[in-house]
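Residue numbers (our numbering), protein chains in the order written: chain C, 841 to 955; chain D, 3 to 114. Idealized CB from N, CA, C, for every residue including glycine.
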């Protein structure tokens, strides 16, 4: 199992550009998540998905869009990049059912700089 | 806002047990206690979770007080590779409306 993979590892964008951060998992997890982490801070949830075709906002969704057309993939789209979106982005997945606990598995992250 | 309180930093000698405390005085009955860690620049790594009972796995032990208002993560023989930020998180499962909220965590430095 590759687990959770993310591409690209690094990216520099100019203000106003757009891009898509890719995330894929091969563990057949139903839940997937996008977080951002600013320097010296904890992770903040951007969006999450409970299954193909279903997404919901997290704490900091403004400036981002997501889609989930398959169980495996959960891309994050940045439209009109702004310096405030400079951050490290982590994708995660988990299997959630009933009252069982969620243990999330994280990808290696994408380091994004907007200049 | 994070529902847990952790010391910002701790030191531990290599080979010794590292005991990381966490207060979660407002925990509710169905909320789990999770521990994750983040080694510099990497994605967070799940360590262990518990509900009411103490738990142990190959990485660590989790001791939860009887009133569930606090817990301690124990790394029995800390190595230099255990240097990381450790996050204590209290949450319902996602499908019950829970969210993992990562606070500032405890920065553990394991020293030779």
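Grab me the residues of residue i's own chain with a C-beta within less than 6 Å of its C-beta, minus the 5 sequence neighbours each way, in chain order.
i	result
residue 861 of chain C	916, 929 and 950
residue 906 of chain C	887, 895 and 916
residue 14 of chain D	20, 80 and 112
residue 91 of chain D	36 and 102
residue 29 of chain D	70 and 92
residue 920 of chain C	856
residue 883 of chain C	875 and 877
residue 926 of chain C	953 and 954
Please report the residue range of the beta strand (DSSP E) in which residue i lies.
i	result
residue 914 of chain C	Unbroken run through residue 914 of chain C: none, as it is neither H nor E.
residue 40 of chain D	34-40
residue 906 of chain C	904-906
residue 951 of chain C	950-954
residue 89 of chain D	86-93
residue 73 of chain D	72-77
residue 860 of chain C	859-865
residue 109 of chain D	108-113
residue 891 of chain C	883-891
residue 876 of chain C	871-877
residue 102 of chain D	That residue, residue 102 of chain D, is in no beta strand (DSSP E); it is neither H nor E in DSSP.
residue 69 of chain D	Neither: residue 69 of chain D is in no beta strand (DSSP E) and is coded neither H nor E.
Just to confirm my understanding: we take residue i, look at its own chain, exclude 5 residues before and 5 after, and list those with CB closer than 7 Å. What are they?
i	result
residue 910 of chain C	892
residue 845 of chain C	864 and 947
residue 106 of chain D	10
residue 65 of chain D	56, 73, 74 and 76
residue 904 of chain C	886, 887, 916, 917 and 918
residue 841 of chain C	866 and 867
Note down, in chain order, each residue of its chain lying with its Cβ closer than 8 Å to the Cβ of residue i, except the 5 sequence neighbours on either side.
i	result
residue 901 of chain C	886 and 887
residue 843 of chain C	865, 866, 867, 945 and 947
residue 62 of chain D	37, 49, 50, 75, 76, 77 and 78
Label residue i either buried or exposed according to how many other C-beta atoms from any shown protein chain fall within 10 Å of its C-beta, with 16 as the threshold for buried.
i	result
residue 953 of chain C	exposed
residue 46 of chain D	buried
residue 881 of chain C	exposed
residue 22 of chain D	buried
residue 52 of chain D	buried
residue 941 of chain C	buried
residue 98 of chain D	exposed
residue 848 of chain C	exposed
residue 922 of chain C	exposed
residue 33 of chain D	buried
residue 878 of chain C	exposed
residue 938 of chain C	exposed
Could you please give me the residues that DSSP links to residue i through a beta bridge?
i	result
residue 945 of chain C	C:933
residue 51 of chain D	D:36
residue 83 of chain D	Looking at the DSSP assignment, residue 83 of chain D forms no beta bridge with any residue, so it has no partner.
residue 851 of chain C	C:952
residue 844 of chain C	C:865
residue 7 of chain D	D:25
residue 12 of chain D	D:110
residue 60 of chain D	In the DSSP output, where bridge partners are listed per residue, residue 60 of chain D has none listed.
residue 895 of chain C	C:889
residue 20 of chain D	D:77
With 9 Å as the C-beta to C-beta threshold (strictly closer), list the residues of the segment 933-947 of chain C near chain E in chain order.
-> The structure shown has no chain E; the protein chains it does contain are C and D.
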